[in-house]
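Colleague: Handing you a structure now.
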Amino acid sequence: MREKKLVSLLLAGALTVSLAACGGQEAVTNNQGGSQTETTNPGTAESTRPTEPQGQLIIGSTTQMGNDFYDAKFSNNAVNYKTYDLLHGYATVVTDTDGALLYDPTVVASHDAVENEDGTKTYTVTINDGLTWSDGTPITAKDYVFQLLLESSPEMNQVDGYPSQAGYSLVGYQEFFDGTTKNFAGVHLVDDMTYSVTVRADELPFHYDIYYAIALPRPLHVIAPGCDVVDAPEGATITGDFTADLLLETINNPTTGYRYNPKVTCGPYLFDSFDVASAQCTLTVNPSYAGDYRGVKPVIEKLVIKTVKSDTMINELKSGSVDLLFQCSGADTINAGLDLVDAGEAQDNTFFRNGYGKIQFDCSQFPTDSANVRKAIAYCLDRNEFARQYSGGYAAVVHSYYGLAQWEYQESKDWIDQNLNTYEKNLDEAKALLEADGWTLNADGTPYSGTGTRYKDVNGELKPLVIEWANTDGNPVSDLLATMLPEAMNEVGMELKSTTMDFPTLQTAITHSGDKIYNMYNLAVGFSLVSSPWYYYSTDPVWMQGGYNSNWIVDQELADVTWSMKAIPYEDTEAWLSAWQDFMLIWNDRLPDIPLYSDEYYDFFSNKLHGWESTSVWEWSRAVLDAWVDA
């Protein structure tokens with residue numbers, strides 16, 4: 004077996020080697036990145052990128068895909084999240100291969116920004132002629148304005164509680180969302196190919212300033228047939244029979260709805276099918292696609308995205324039943340994959356993770372609404388030993404809301420070592436925290452005897468210290484936690500109740516849209532490139548949905564420290580880093596998650612795949628546009 008690749012982790016500094024409104028975060032089943040990428044090609048024959056699409060790529064994902072293909076506001080499942088990228092294209096503002104924001108020249112003919120006397124700011128964007136939907140219908144500015152109106156509307160909010168946040172920062176949003184006006188004052192259809200948006204003064208300045216100009220097209224003729232988008236001095240509006248009942252049919256019909264069967268799209272790939280039983284999705288290349296911001300079009304004819312198991316997926320790669328395994332982590336998987344590479348049977352690509360694996364708390368639920376209870380659970384887990392057993396040296400323990408790929412982490416290693424609580428396993432500290440939190444009684448109300456489950460008097464009612472834990476089957480992180488946590492938690496007086504489910508069900512619990520809410524979950528997160536912690540920890544109910552404040556934590560100090568970051572100019576890295584460190588410190592004290600590890604990721608792929616280059620900021624859904632397969 005090849006020697007473990009720890010080069011990038013060593014570059015990250017001293018590790019505990021004993022051991023992903025501007026975009027919601029991506030949730031993955033468990034362990035699934037700088038921009039430093041290393042690729043190994045074991046001497047495959049020379050291959051030239053074809054000029055026309057050919058072949059098929061079978062992509063294996065340990066995160067089970069759900070039947071949901073509209074956008075991340077319905078589901079932030081990571082594999083669905085990236086499938087959206089492949090189906091829905093032509094956003095006016097995108098990120099490049101380095102993660103920088105820019106206007107997409109394939110889409111945008113011209114753009115302008117004007118600061119108004121009242122403190123608002125107006126962005127005007129003109130769309131290029133010649134872009135079309137997959138059914139041949141021309142794409143115009145109406146489709147972009149329709150998206151802003153649709154996804155800010157009270158009608159859309161009635162479709163399974165879609166949060167309708169698209170125009171939140173724009174003038175007139177609240178009145179439009181409340182339904183007191185049919186015109187959205189901050190959105191205008193200027194002409195057939197031009198739209199404008201006006202940002203509220205209280206939303207300025209903004210760290211990611213250009214992002215306020217973003218819109219992406221939605222097919223008006225498919226989602227709201229018989230309706231139109233028109234402009235007025237009071238703002239743009241949707242005319243015709245635009246109702247929640249209409250959207251419940253065109254979007255939410257389980258057979259034909261755009262959410263489940265998006266047949267008219269404009270991304271690099273087209274939706275072909277999704278098999279619910281096997282959670283397998285098939286996409287085919289979109290011949291109408293004009294290219295990404297570089298003009299690159301895909302040349303892989305068909306993509307098949309299927310669910311794989313951690314313990315068998317390398318065997319599937321070896322047998323040829325999958326061609327690509329992306330963002331692999333954990334010692335068993337990585338070492339087995341490297342064995343295939345050494346044998347010349349596969350290739351690999353490695354990079355840091357822009358995110359972390361975690362225990363996620365629901366801070367709206369008793370008793371994990373208490374920071375002391377959350378901290379006590381952290382003190383029950385030896386995270387260094389956990390990372391050692393799980394990763395075999397391919398991960399580092401992190402202590403706050405950061406991943407190894409982030410430049411802020413790279414610049415703050417010494418500061419982190421000096422300032423953050425590492426929550427080393429300490430059962431005495433856990434007991435002290437619980438006693439300070441009032442967990443001092445037995446079930447009969449007598450003083451706690453020192454064994455068994457602790458109780459607390461809550462407004463005259465004795466309540467037990469029971470933690471409901473939701474986890475997923477076939478998940479090595481769940482399996483390891485199940486061996487390390489229960490005994491220690493029991494010793495300090497906590498009872499851990501475990502419930503195993505599939506990943507889509509776990510997500511409905513996290514979003515409070517399922518039958519039950521739990522105290523804690525184990526999964527992982529990939530940070531958005533437009534990371535917006537001021538939304539992720541906002542106390543505003545509007546952000547307690549749509550994949551933003553998924554901890555449901557209401558903590559004003561945490562909300563304030565993140566809000567202070569929002570106005571820092573993008574180029575002022577010194578001020579940003581200082582504010583980021585303040586955020587890390589408060590987050591580390593409140594502990595809405597227990598960070599478990601941040602990884603060095605590996606992609607493993609068949610020798611039939613060529614041109615594969617993914618990174619922490621240019622993930623597999625983007626990398627597939629440059630890649631090709633042998634016919």
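Residue 4 is where the sequence shown starts when you use our numbering, and the numbers rise one by one after that. All residues carry an ideal CB built from backbone N, CA and C; glycine is no exception.
Any idea which residues DSSP pairs A398 with across the strands?
Modeller: The partner list for A398 (beta bridge, DSSP) reads D602.
Colleague: For the candidate residues G549, Y605, F389 and W621, whose alpha-carbon lies nearest to that of Y165?
Modeller: G549
Colleague: According to DSSP, is T511 part of a helix, a strand, or is it coil?
Modeller: helix
Colleague: Comparing alpha-carbon positions, which option in L251, D138 and Q409 lies nearest N160?
Modeller: L251
Colleague: Specify, as a first and last residue, the run of the alpha helix (DSSP H) that N109 falls within.
Modeller: With the sequence shown as reference, residue 109 is identified as Thr, and Asn is not the correct amino acid for it. Counting along the chain, T109 falls outside any alpha helix (DSSP H), and DSSP gives it neither H nor E.
Colleague: Any contact of the region 265 to 275 with the region 128 to 141, i.e. 3+ C-beta pairs under 8 Å?
Modeller: The answer is yes - the region 128 to 141 touches the region 265 to 275, with three or more Cβ pairs under 8 Å.
Colleague: For P53, which three-state DSSP category applies?
Modeller: coil
Colleague: What three-state label does DSSP hand T258 in the structure shown?
Modeller: coil
Colleague: With T95 and Y106 assumed to form a contact (beta carbons below 8 Å), what rounded beta-carbon distance in angstroms separates them?
Modeller: 6 Å
Colleague: Who are the Cβ neighbours of T47 in its own chain at under 8 Å, not counting the five residues just before and after it?
Modeller: In this predicted model, T47 has a pLDDT of only 46, less than 50, meaning its place in the structure is not dependable; the value taken from the coordinates is given anyway. Here the set comprises Q350, N610 and H613.
Colleague: Please work out which residues of its chain come closer than 7 Å, Cβ to Cβ, to Y261, disregarding the five sequence neighbours upstream and downstream, and give them in chain order.
Modeller: Y73, V225, I226, T253 and I254
Colleague: If you compare alpha carbons, which of F608, S535 and F187 is closest to Q330?
Modeller: F608
Colleague: In this structure, does DSSP put K361 in helix, strand or coil?
Modeller: strand
Colleague: Taking the alpha carbon of S332 as the reference point, which residue from K312, A346, G323 and S322 has its own alpha carbon closest?
Modeller: K312
Colleague: Is P450 buried or exposed, if buried means 16 or more other CB atoms sit within 10 Å of its CB?
Modeller: exposed
Colleague: Considering only the alpha carbon of each residue, which of A446, P479 and T475 lies closest to E464?
Modeller: A446
Colleague: DSSP puts F355 in a beta bridge; with which residues?
Modeller: E603
Colleague: Going by DSSP, what residues sit across from V608 in a beta bridge?
Modeller: What sits at residue 608 in the sequence shown is Phe, not Val. Bridge partners of F608: L327 and Q350.
Colleague: DSSP puts G63 in a beta bridge; with which residues?
Modeller: K309 and L328
Colleague: Cβ of Q168 within 8 Å of Cβ of S415?
Modeller: no
Colleague: Take the Cβ of G36 as the centre, count every other Cβ of all protein chains shown within 10 Å, and call the residue buried at 16 or more, exposed below.
Modeller: Unreliable placement is indicated for G36, whose pLDDT of 33 sits below 50; the coordinate value is still reported in the next sentence. With 16 or more other Cβ atoms within 10 Å, it is buried.
Colleague: What is the C-beta distance between A582 and V495, in whole angstroms, given that I count them as a contact (C-beta under 8 Å)?
Modeller: About 35 Å separates the two Cβ atoms, so there is no contact after all.
Colleague: Express the C-alpha separation of V400 and Q59 in angstroms, rounding to a whole number.
Modeller: CA-CA distance, Q59 to V400, rounds to 38 Å.
Colleague: Pull up the CB-CB distance for N83 and G69, whole angstroms please, since I reckon it's below 8 Å.
Modeller: 6 Å
Colleague: Can you pull the DSSP bridge partners for N474?
Modeller: T503
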